[in-house]
Each structure stands twice: as structure tokens, then as C-alpha cells.
Amino acid sequence: MAINARSPRSVSSIKTHSGRASGAGETHRDYFKVGALELERSRRVKERDAANDRITIINARIAEIDSEKATLLATAAAAHDGNADSTKKEPSGLRIKY
Numbered sequence: 560m561a562i563n564a565r566s567p568r569s570v571s572s573i574k575t576h577s578g579r580a581s582g583a584g585e586t587h588r589d590y591f592k593v594g595a596l597e598l599e600r601s602r603r604v605k606e607r608d609a610a611n612d613r614i615t616i617i618n619a620r621i622a623e624i625d626s627e628k629a630t631l632l633a634t635a636a637a638a639h640d641g642n643a644d645s646t647k648k649e650p651s652g653l654r655i656k657y
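Start counting the sequence shown at 560; every next residue gets the next number (the working numbering).
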């Protein structure tokens, strides 16, 4: 049997035209890049709009929290003012001093 003197072919030995063509006459690549940029821009616009919606929702919730907090503090202040008269009364129940 004869010994093969050639090394086996591999992927690197495959001859292609890749890299030989100049980019001068290939306007379709520019159009493809423009299309990719338009897609990215539309995704970014959607992302920005979603973020603005979230900010609006968060600001509304902060306003609700401030309103509820003010209501509770006003109620507590009114209850405290009403209890000022009742603190002068004799406490009810068993008091143990230590």
C-alpha cells in the first residue's frame, strides 16, 4: 500500500473568495447596516417609552404615599391633642411601682 505524502485537508485549506472583494461597489451592505440601525433605534425608543411609563407610575405612587402619610399624621396629631385632656385623669387598672 502506498503512503500518502499529502497532509489531510482541513477547514483552513478550503479556498474561498472571502476578503478578496473590495467594499467599494457593495451598497447592499450599507443598506443592511441602515436597516440594522433602524431596528436598534426602534428598540431603544420602545425601551425609553417603557422607562418613562415606569417613572410616571412610580411618581404617582410616591404622591399617594405622601398623601396617605399626611392623612395619618394629621389623624395621629388630632388623637394626641384629644388625649391631652384625658391624661390628667386617674389611670384605670392596676399600677405597680418597682
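Idealized CB from N, CA, C, for every residue including glycine. None of these values were measured; they are calculated from a predicted model.
Determine the DSSP secondary structure at Lys656, reduced to helix, strand or coil. coil
Report the rounded CA-to-CA distance for Ile616 versus Ser569, giving the unit in angstroms. 59 angstroms
Helix, strand or coil, according to DSSP, for Glu585 in the structure here? coil
In this structure, how does DSSP classify Thr615 when only helix, strand and coil are distinguished? helix
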